[in-house]
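Student: Below is a structure I'd like to ask you about.
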Amino acid sequence: MAEKSTTAQLLIGYGEDSHRLGQGHELWLGGVHVESDRGAIAHSDGDVILHALSDALLSAFALGDIGSYFPDNDPKWKGLESRVILEVVLQKVRDNGYRPGQLVAVVMLDRPKLGPSRAAIQQNLALLCGLPEKRVGLTFKTSEGLAPDHVQCRAMVYLEPIPDRQGDKG
Amino acid sequence: MAEKSTTAQLLIGYGEDSHRLGQGHELWLGGVHVESDRGAIAHSDGDVILHALSDALLSAFALGDIGSYFPDNDPKWKGLESRVILEVVLQKVRDNGYRPGQLVAVVMLDRPKLGPSRAAIQQNLALLCGLPEKRVGLTFKTSEGLAPDHVQCRAMVYLEPIPDRQGDKG
Amino acid sequence: MAEKSTTAQLLIGYGEDSHRLGQGHELWLGGVHVESDRGAIAHSDGDVILHALSDALLSAFALGDIGSYFPDNDPKWKGLESRVILEVVLQKVRDNGYRPGQLVAVVMLDRPKLGPSRAAIQQNLALLCGLPEKRVGLTFKTSEGLAPDHVQCRAMVYLEPIPDRQGDKG
Ligand SMILES: [Mg+2]
Ligand SMILES: [Mg+2]
Ligand SMILES: [Mg+2]
Chain A
2 MAEKSTTAQL LIGYGEDSHR LGQGHELWLG GVHVESDRGA IAHSDGDVIL HALSDALLSA
62 FALGDIGSYF PDNDPKWKGL ESRVILEVVL QKVRDNGYRP GQLVAVVMLD RPKLGPSRAA
122 IQQNLALLCG LPEKRVGLTF KTSEGLAPDH VQCRAMVYLE PIPDRQGDKG
Chain B
2 MAEKSTTAQL LIGYGEDSHR LGQGHELWLG GVHVESDRGA IAHSDGDVIL HALSDALLSA
62 FALGDIGSYF PDNDPKWKGL ESRVILEVVL QKVRDNGYRP GQLVAVVMLD RPKLGPSRAA
122 IQQNLALLCG LPEKRVGLTF KTSEGLAPDH VQCRAMVYLE PIPDRQGDKG
Chain C
2 MAEKSTTAQL LIGYGEDSHR LGQGHELWLG GVHVESDRGA IAHSDGDVIL HALSDALLSA
62 FALGDIGSYF PDNDPKWKGL ESRVILEVVL QKVRDNGYRP GQLVAVVMLD RPKLGPSRAA
122 IQQNLALLCG LPEKRVGLTF KTSEGLAPDH VQCRAMVYLE PIPDRQGDKG
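Chains A, B and C supply the protein sequences, listed in that same order.
Going by my numbering, the first sequence opens with residue 2, and the numbers climb by one from there.
Going by my numbering, the second sequence opens with residue 2, and the numbers climb by one from there.
Going by my numbering, the third sequence opens with residue 2, and the numbers climb by one from there.
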């Protein structure tokens, strides 16, 4: 017991994603459809929060990135719902004996304003990840001229061992 | 006691900020005035460290972002000192039973060189956050051509429960 | 004993780096040479993973950044192998009684595809940092048009006290 240090049990993860915006595409963020005259040009639904979050979770276990599992040049994954990607990743997390403990994501998008969608995105992410809403921090920023034609996300997670389970003896 | 896991008490936060640079504007970083021929074009003083740090602290409790509390289109907040923003945010952190345990910030700016201002910025951030200076890590980078007309910051924090207090039972 | 809180022992770090790409330069990532028609234009070998990682480690102890130790305008450091930078930084980490517990890095590069180099980079980083490979998370992203002529890296670390040693009483 004593030799099992606390810090050894904690894991962190970090991921990012970006997509170019185009007319005639839908804008999905955290599994929520956001009304917008432009959306993410992507092979999948281009949900930068779910992509960055999935990569962040994989990074914590050095399991590669979502591009390794769902290559965007494979027609099999065309139009793939990002919720499915996250579910596959969360299963890998659980298989390693862990669960998300907290997630924070910064979304960079010039318009539309995302504030009105915050509650819906937060609720959905909490639901998908099995987290209380107070553990899902969302920050919305404009690009200040640096990326007016893109939507971007950077996400951090920390993960905690599932109680009463023995995984990741690493 | 035993059921109160250590990881459940730890919180992390992440935030970022950027502003376009313009002549005739002052450059403020971490509450410190830095001599520069250009400064941040902003509704407030455009202090990217204090803005990114404030958002990082809010993100840890899913309290929204500083744009929710101090909208930049509200004339009430014109010229707002970012120190005031941080103080409001730190009070929210304390109200949740937490305090900053460590902060690290990367500032991206092509010129002037920020090395000579490092000690002053570090001291001021430590003072504002109630942290020892050794818990305030600052990295300065140039944009390598990616953003020559902007000042940017990305900041990470971790937060620890205030000892002998009971907040955030989440 | 009881007063020595667990969270006080944990440290996090964050760093980033970017270099412009040019023909006739080599591409080094995590100490591994990657075949590419373009490489990082840099004073050193331009290894963005090792630079971002070194800065992340320094940030955890507020020890400045690698630019403070190896200024890129000093001819003494021209052609410097970034592995040497990391070794110097890791010694500082150990001097403070800590060691890396986990590292995650996102590399942004449009081409070549880095997937085939993942295992080699991961192995080398694990070796350099004294970490198991499963504690070295690597994510590879393209810039989606935002930085087609740059290679970038953002890296997070967490650090744990070296058992049976007493450093960093802070
Ligand atoms: Mg994507
Ligand atoms: Mg700002
Ligand atoms: Mg570099």
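Cβ atoms here follow ideal geometry from the backbone N, Cα and C, with glycine treated the same way.
Going by the beta-carbon positions, is the gap between Leu138/B and Ser60/C smaller than 7 angstroms?
Tutor: Here residue 138/B refers to the residue found at position 137 when the second sequence is read from its first residue. Here residue 60/C refers to the residue found at position 59 when the third sequence is read from its first residue. The question names Leu, but residue 138/B is Gly in the sequence shown. Yes, the Cβ-Cβ distance between Gly138/B and Ser60/C is below 7 angstroms.
Student: Could you give the first and the last residue of the continuous alpha helix (DSSP H) run that contains Gly68/B?
Tutor: Here residue 68/B refers to the residue found at position 67 of the second sequence. Residues 67 to 70.
Student: Does any CB atom of chain B fall closer than 7 angstroms to the CB of Gly16/C?
Tutor: Working through the third sequence from its first residue, we reach residue 16/C at position 15. It does: the Cβ of Gly16/C has a partner Cβ on chain B nearer than 7 angstroms.
Student: Counting only C-beta atoms, is Asp56/A closer than 7 angstroms to chain C at any point?
Tutor: Walking along the first sequence from the start, residue 56/A turns up at place 55. Judged by the 7 angstroms Cβ criterion, Asp56/A is in contact with chain C.
Student: Please report the straight-line C-alpha distance between Gln10/B and Val49/B, rounded to a whole angstrom.
Tutor: Within the second sequence, residue 10/B is the residue found at index 9, counting from 1. Within the second sequence, residue 49/B is the residue found at index 48, counting from 1. The straight-line gap from Cα to Cα measures roughly 28 angstroms.
Student: Return yes when the Cβ of Val152/C is within less than 7 angstroms of the Cβ of Leu126/C, no when it is not.
Tutor: Counting from 1 along the third sequence, the entry for residue 126/C is found at position 125. Counting from 1 along the third sequence, the entry for residue 152/C is found at position 151. In this structure, Val152/C does not lie closer than 7 angstroms to Leu126/C by Cβ.
Student: Can you tell me whether Asp18/C sits near ligand 3, meaning its C-beta is under 6 angstroms from at least one heavy atom of the ligand?
Tutor: As a first step, residue 18/C must be located in the third sequence, where it is residue number 17. Yes, since a heavy atom of ligand 3 falls inside the 6 angstroms radius drawn around the Cβ of Asp18/C.
Student: Between the Cα of Leu54/C and those of Phe62/C, Ala106/C, Asp46/C, spot the shortest distance and give me the residue it belongs to.
Tutor: Counting from 1 along the third sequence, the entry for residue 54/C is found at position 53. Minimum Cα distance to Leu54/C is reached at Ala106/C.
Student: Please tell me whether Tyr99/B has its Cβ less than 7 angstroms away from any Cβ of chain C.
Tutor: Your numbering for residue 99/B matches position 98 in the second sequence. It does not: the Cβ of Tyr99/B has no partner Cβ on chain C nearer than 7 angstroms.
Student: In the structure shown, what three-state DSSP assignment does Gly168/B receive?
Tutor: Stepping through the second sequence from its first residue, residue 168/B is reached at position 167. Only weak support is given to the placement of Gly168/B: the predicted model assigns it a pLDDT of 49, under 50, and the question is left unresolved by the model.
Student: Run through the stretch 8 to 83 of chain B for me and flag every whole alpha helix (DSSP H) of 4 or more residues, listed as ranges in chain order.
Tutor: Listed in chain order, they are 49 to 60, 67 to 70.
Student: For Ser60/A, go through chain C and note every residue whose CB falls closer than 9 angstroms to its CB, in chain order.
Tutor: Within the first sequence, the letter at position 59 stands for residue 60/A. Neighbours of Ser60/A on chain C, chain order: Val105, Ala106, Val107, Gly138, Leu139, Thr140, Met157.
Student: If contacts are defined as beta-carbon pairs under 8 angstroms, then Val94/B and Leu58/B qualify, I think. What distance do you get, rounded to the angstrom?
Tutor: Locating residue 94/B in the second sequence gives position 93, where the first residue counts as 1. Locating residue 58/B in the second sequence gives position 57, where the first residue counts as 1. Indeed, because the Cβ distance is near 5 angstroms, the residues count as touching under 8 angstroms.
Student: Taking the C-alpha atoms as reference points, what is the distance between Gly131/A and Pro101/A?
Tutor: On the first sequence, position 130 is the one that residue 131/A refers to. On the first sequence, position 100 is the one that residue 101/A refers to. Computed Cα separation, rounded: 8 angstroms.
Student: Using a beta-carbon distance below 7 angstroms, is Ala3/C in contact with chain B?
Tutor: The residue labelled residue 3/C in the question sits at position 2 within the third sequence. Bear in mind that the predicted position of Ala3/C carries a pLDDT of just 35, short of 50, making it unreliable; the figure below should be weighed with that in mind. Not one chain B Cβ lies under 7 angstroms of Ala3/C.
Student: With a threshold of 7 angstroms between beta carbons, is Gly23/B in contact with chain C?
Tutor: The count along the second sequence starts at 1 and reaches residue 23/B at position 22. Cβ-Cβ to chain C under 7 angstroms: no for Gly23/B.
Student: Counting C-beta neighbours from all protein chains within 10 Å, is the total for Pro92/A 16 or more, i.e. buried, or is it exposed?
Tutor: If you number the first sequence from 1, residue 92/A lands on position 91. What sits at residue 92/A in the sequence shown is Gln, not Pro. Gln92/A comes out exposed.
Student: Would Ile42/B and Gly16/B be called neighbours here (beta carbons separated by less than 7 angstroms)?
Tutor: Position 41 of the second sequence holds residue 42/B. Position 15 of the second sequence holds residue 16/B. Cβ atoms of Ile42/B and Gly16/B: not closer than 7 angstroms.
Student: Counting only runs that start and end within the stretch 82 to 162 of chain A, where is the alpha helix (DSSP H) found for 4 or more residues in a row?
Tutor: Within the stretch 82 to 162 of chain A, the complete alpha helix (DSSP H) runs of at least 4 residues are 83 to 96, 119 to 130.
Student: For Asp111/B, would you say it is in contact with chain A, using Cβ-to-Cβ distances shorter than 7 angstroms as the test?
Tutor: Position 110 of the second sequence, counted from the first residue, corresponds to residue 111/B. It does not; no Cβ of chain A falls within 7 angstroms.
Student: Going by other Cβ atoms of all chains shown within 10 Å of its Cβ, with 16 needed for buried, is Lys77/A buried or exposed?
Tutor: Here residue 77/A refers to the residue found at position 76 of the first sequence. By the neighbour-count rule (16 or more Cβ atoms within 10 Å), Lys77/A is not buried but exposed.
Student: Are there 16 or more other CB atoms within 10 angstroms of the CB of Asp56/A, so buried, or fewer, so exposed?
Tutor: Taking the first residue of the first sequence as position 1, residue 56/A is located at position 55. So Asp56/A ends up on the buried side.
Student: Can you give me the C-alpha to C-alpha distance between Lys5/A and Ile163/A, rounded to a whole angstrom?
Tutor: Here the question's residue 5/A lines up with position 4 in the first sequence. Here the question's residue 163/A lines up with position 162 in the first sequence. Its pLDDT being 41, under 50, Lys5/A is placed unreliably by the model, and the measurement read from it follows with that caveat. For Lys5/A and Ile163/A, the distance between alpha carbons rounds to 15 angstroms.
Student: Is His44/C near ligand 3, with its Cβ less than 6 angstroms from a heavy atom?
Tutor: Counting from 1 along the third sequence, the entry for residue 44/C is found at position 43. His44/C: no, Cβ never under 6 angstroms from ligand 3.
Student: Starting from Gln123/A, find everything on chain B with Cβ-Cβ shorter than 7 angstroms and list it in chain order.
Tutor: In the first sequence, counting from the first residue as 1, residue 123/A sits at position 122. Here the neighbours are Ala63.
Student: May I have the straight-line CA-CA distance separating Ala63/A from Asn97/A, to the nearest angstrom?
Tutor: As a first step, residue 63/A must be located in the first sequence, where it is residue number 62. As a first step, residue 97/A must be located in the first sequence, where it is residue number 96. Near 11 angstroms, if we compare the C-alpha coordinates of Asn97/A and Ala63/A.
Student: Could you tell me the alpha carbon to alpha carbon distance between His44/A and Ile67/A, rounded to whole angstroms?
Tutor: Translated into positions along the first sequence, residue 44/A becomes position 43. Translated into positions along the first sequence, residue 67/A becomes position 66. Approximately 13 angstroms, taken between the alpha carbons.
Student: Does ligand 3 have even one heavy atom less than 6 angstroms from the beta-carbon of His52/C?
Tutor: Taking the first residue of the third sequence as position 1, residue 52/C is located at position 51. Yes, ligand 3 has a heavy atom inside 6 angstroms of this Cβ.
Student: By alpha-carbon positions, which one of Asp46/C, His34/C, Asp73/C ends up nearest to Lys142/B?
Tutor: Within the second sequence, residue 142/B is the residue found at index 141, counting from 1. Of the listed residues, the one whose Cα sits closest to Lys142/B is Asp73/C.
Student: Less than 7 angstroms separating the beta-carbons of Ile13/B and Tyr159/A?
Tutor: Stepping through the second sequence from its first residue, residue 13/B is reached at position 12. Stepping through the first sequence from its first residue, residue 159/A is reached at position 158. The answer is yes: Cβ separation under 7 angstroms.
Student: Residues in the stretch 35 to 48 of chain A with C-beta within 7 angstroms of chain C's C-beta atoms, listed in sequence order?
Tutor: Flagged: no residues at all.
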